[in-house]
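Numbering (the numbering used here), first residue to last: 6 to 171.
Take a look at the structure set out below.
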């Protein structure tokens, strides 16, 4: 079971595989969803119409800012693993916080695959580093947003030198 928190009110929810039906606080629901564009949806639930715009998605904090029928709200999402960790008193272990990507060894930057402001996901290739005649693809250790690129293509770097900041 997942949990959504809206203005300090919690809702336990789960979806069926079609995402058109499921359970909210132990009550079954069905809705009709129509995608208007990438960030705009029209939803009908229990004969009530909702015009929803996705304003912002923050993967690090697991929050979504929405405008629903003209009213803005933020929804915090906790998946079943977050809920389980919280029940065990270990909720801070579920968040990987990264500030920077460092060079694991001396080498030469062959390619930079991201730009400042880019949102990246865990495992996404960020940079190619040549070391000992081998190409090493450095990947993002967690979801985040690139704030600065400290190196350029063709630049030599030392071990533990900061390459990218989040």
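C-beta: ideal position from N, C-alpha, C; glycine also.
Taking a contact to require three or more Cβ pairs closer than 8 Å, the stretch 26-33 and the stretch 112-132 do not qualify as touching. Judged by DSSP secondary structure, residue 105 falls within the beta strand (DSSP E) whose first and last residues are 105-107. Going by beta carbons, residue 171 and residue 105 fall inside the 8 Å limit. Of the residues assessed, residue 83 falls on the buried side of the cut-off, its CB having 16 or more other CB atoms within 10 angstroms.
The three-state secondary structure of residue 119, taken from DSSP, is coil.
Taken in chain order, the unbroken stretches of alpha helix (DSSP H) that lie wholly in the stretch 19-103 and span 4 residues or more are 85-92. Assigned with DSSP and collapsed to three states, residue 147 falls in coil, not helix or strand.
DSSP places residue 114 within a strand segment (E or B) once states are collapsed to three.
When beta bridges are read from the DSSP output, residue 132 appears opposite 117, 143. Residue pairing of residue 16 in beta bridges, as defined by DSSP: 9. Non-local C-beta neighbours of residue 124 in its own chain, meaning closer than 6 Å and more than five positions away in sequence, comprise 150, ordered along the chain. By the beta-carbon neighbour count (other beta carbons within 10 angstroms, threshold 16), residue 112 is buried.
In this structure residue 169 is buried. Its beta-carbon is surrounded by 16 or more other beta-carbon atoms within 10 angstroms.
With a threshold of 16 other beta carbon atoms within 10 Å, residue 161 falls short and is exposed.
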